[in-house]
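First up is the structure itself, then whatever we jot down about it.
Number of protein chains: 2
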Amino acid sequence: MFFLKDLPSQQMVGTYAQAYGADPDHITSALLMMRRASLLIRSLDAFFAVHGLSQLRFLVLIVIDREPERASLTPNEIAQRIDVSKPVMTRTLQSLQKDGLITLSASPSDGRSKEAALTADGLQRLQDTLPGYFKLLSGEMTQPSATAG
Amino acid sequence: MFFLKDLPSQQMVGTYAQAYGADPDHITSALLMMRRASLLIRSLDAFFAVHGLSQLRFLVLIVIDREPERASLTPNEIAQRIDVSKPVMTRTLQSLQKDGLITLSASPSDGRSKEAALTADGLQRLQDTLPGYFKLLSGEMTQPSATAG
DNA sequence: CCATTTATGTTATCATGATAACTATCATGA
DNA sequence: TCATGATAGTTATCATGATAACATAAATGG
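Line by line, the protein sequences are chains A and B.
Using the numbering used here, the first residue of the first sequence is number 1, and each one after it goes up by one.
Using the numbering used here, the first residue of the second sequence is number 1001, and each one after it goes up by one.
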């Protein structure tokens, strides 16, 4: 959770918005968006946990799978697509490998690099997870917005 | 960052949305919101770091300050308002105390509890931070939405 | 050709979220 | 009253994000 249950009061927003030339409505919109995203992330994390995944682990599987012409990607490529740091990618790929969802092998063309590819289990896990994932996303957007405090 | 630079393709979304009765537009909206919130959080984290704060440390200061009739709150009350776990609150309050932004004292009425109050420095830090915070929120909302991949 | 720079991945360390298990205190009720 | 249960805060441990520093390999350029 990265936001308040009760948003900063309208008065507080208004005071500072006026003083610094910011639009109070924009601020309230941003706060509501943050609150909403926060709740959605919480739902997603719980969902992923049930499937033995996490946000990042799931995204890694998606990114490898959706590359049409290639069976594998390098850790660096995956990290760039997901916008995550290299050490986090190292750790995440090793855990996915340990769980049998991907294979990690040395690159034949570059001694520094590796190749991460989905296993059959990894692809299956992804396909098992995608429907619920999209359903969760869709459902969140169907709900009415939270009200400002 | 908790989302892809390039969103799942329209095709991928459409396929699963159709198969499971979810609205593709809702899914795309949710993905865009997540991406946007993700970038905003990154901006906010960088901003707070400049001010020697973090999301949570900032929220703690706000929550204590905005209680009109009271000079202090208990850790438990703060944790509930921010929706964060008790151990995280323990750690965060101790670090704020170490930095001289709050005081932590034993509750006179409840031997289990404590009272967290803003110091003058803490209030000043909050007031120094609020304008930029609201300006950042307002600015993010003024920018055009990211485009779907 | 070989020194230097750049790129890839890993390790070490830190920040910040969570839960489980614990201590100490308060509240309840037979 | 005193056993039991509930509540407040802490500790220990884990997950997952970051940066800095490092080893190794590739690329570049004099």
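Each residue gets a CB set at the ideal place from its N, CA and C atoms; glycine is no exception.
Applying a beta-carbon distance threshold of less than 9 Å, which residues of chain B neighbour residue 23 of chain A?
-> Position 23 of the first sequence, counted from the start, is the residue given in the question as residue 23 of chain A. 1138, 1141 and 1142, listed in chain order.
Does any residue of chain A bring its CB to less than 8 Å from the CB of residue 1064 of chain B?
-> On the second sequence, position 64 is the one that residue 1064 of chain B refers to. Answer no: the Cβ-Cβ gap between residue 1064 of chain B and chain A never drops below 8 Å.
Near-chain B residues of the segment 33–52 of chain A (beta-carbon distance less than 8 Å), N- to C-terminal order | Flagged, chain order: 33, 34, 36, 37, 38, 40 and 41.
Please state if the CB of residue 1137 of chain B and the CB of residue 31 of chain A are separated by a distance shorter than 8 Å.
-> To locate residue 31 of chain A, count along the first sequence from 1; it is residue 31. To locate residue 1137 of chain B, count along the second sequence from 1; it is residue 137. Residue 1137 of chain B is positioned such that its CB atom lies closer than 8 Å to that of residue 31 of chain A.
Any idea what DSSP makes of residue 148 of chain A, helix, strand or coil?
-> Along the first sequence, one-based indexing puts residue 148 of chain A at 148. A caution first: residue 148 of chain A carries a pLDDT of 38, below 50, which makes its placement in the model unreliable, though a value can still be read off. Residue 148 of chain A falls in the coil class under three-state DSSP.
Does the beta-carbon of residue 1067 of chain B have 16 or more other beta-carbons within 10 angstroms, so that it is buried, or is it exposed?
-> Locating residue 1067 of chain B in the second sequence gives position 67, counting from the first residue. Residue 1067 of chain B is exposed by the Cβ-count criterion.
Consult DSSP for residue 105 of chain A and reduce its assignment to one of helix, strand or coil.
-> The residue labelled residue 105 of chain A in the question sits at position 105 within the first sequence. Of the three classes helix, strand and coil, the one that applies to residue 105 of chain A here is strand, per DSSP.
Out of curiosity, what's the CA-to-CA distance linking residue 1125 of chain B and residue 1135 of chain B?
-> Counting from 1 along the second sequence, the entry for residue 1125 of chain B is found at position 125. Counting from 1 along the second sequence, the entry for residue 1135 of chain B is found at position 135. A direct Cα-Cα distance of roughly 16 Å separates residue 1125 of chain B from residue 1135 of chain B.
Do three or more CB pairs link the segment 1054–1065 of chain B to the segment 1108–1123 of chain B at distances below 8 Å?
-> Verdict: yes, contact present.
Evaluate residue 19 of chain A with the Cβ neighbour count: other Cβ atoms within 10 Å of its Cβ, from every protein chain shown; 16 or more gives buried, anything less gives exposed.
-> Taking the first sequence and counting its residues from 1, the one referred to as residue 19 of chain A is at position 19. The residue in question, residue 19 of chain A, is exposed, as its Cβ has fewer than 16 Cβ neighbours within 10 Å.
Among A:58, A:133, A:130 and A:132, which residue has its Cα nearest to the Cα of residue 96 of chain A?
-> Looking up residue 96 of chain A in the first sequence gives position 96. Answer by Cα proximity: A:58.
What residue from A:81, A:114 and A:69 has the CA that sits closest to residue 94 of chain A's CA?
-> Working through the first sequence from its first residue, we reach residue 94 of chain A at position 94. Ranked by Cα distance from residue 94 of chain A, the first of A:81, A:114 and A:69 is A:114.
Contacts around residue 1102 of chain B, its chain only, beta-carbon distance under 8 Å, and the 5 residues preceding and following it disregarded = Here residue 1102 of chain B corresponds to residue number 102 of the second sequence, with the count starting at 1. Excluding positions up to five away in sequence, the list reads 1060, 1061, 1064, 1093, 1096, 1116, 1117, 1118, 1119 and 1122.
Contacts of residue 1027 of chain B in chain A (Cβ-Cβ under 8 Å) | In the second sequence, the residue the question calls residue 1027 of chain B occupies position 27. 134, 137, 138 and 141, listed in chain order.
Compare the beta carbon distance of residue 1029 of chain B and residue 141 of chain A with 8 Å and say whether it is the shorter of the two.
-> The sequence position of residue 1029 of chain B within the second sequence is 29, counting from 1. The sequence position of residue 141 of chain A within the first sequence is 141, counting from 1. For residue 1029 of chain B and residue 141 of chain A, yes; Cβs fall inside 8 Å.
Measure the CB-CB distance between residue 1026 of chain B and residue 1128 of chain B and report whether it falls below 8 Å.
-> Stepping through the second sequence from its first residue, residue 1026 of chain B is reached at position 26. Stepping through the second sequence from its first residue, residue 1128 of chain B is reached at position 128. Not in contact: residue 1026 of chain B and residue 1128 of chain B (Cβ atoms no closer than 8 Å).
Locate the beta strand (DSSP E) running through residue 115 of chain A, then write down its first and last residues.
-> Against the first sequence, residue 115 of chain A aligns to sequence position 115. Counting along the chain, the beta strand (DSSP E) containing residue 115 of chain A begins and ends at 114–118.
Within the segment 1018–1090 of chain B, note down every full alpha helix (DSSP H) run reaching 4 residues or more, in order along the chain.
-> Runs of the alpha helix (DSSP H) inside the segment 1018–1090 of chain B: 1024–1050, 1055–1065 and 1075–1082.
Please list, in chain order, all residues of the same chain as residue 1071 of chain B whose beta carbon is under 6 Å from its beta carbon, the five residues on each side excluded.
-> Position 71 of the second sequence, counting from 1, holds the residue named residue 1071 of chain B. Around residue 1071 of chain B, the same chain offers 1117 as residues with beta carbons nearer than 6 Å, after the five sequence neighbours per side are excluded.
With 16 other CB atoms within 10 Å as the buried threshold, where does residue 75 of chain A fall?
-> Residue mapping note: residue 75 of chain A aligns to position 75 of the first sequence, counting from 1. Flag for residue 75 of chain A reads buried.
Among A:73, A:49, A:13 and A:24, nearest to residue 109 of chain A - alpha-carbon criterion = For the purposes of this step, residue 109 of chain A is identified with residue 109 of the first sequence, where counting begins at 1. Ranked by Cα distance from residue 109 of chain A, the first of A:73, A:49, A:13 and A:24 is A:73.
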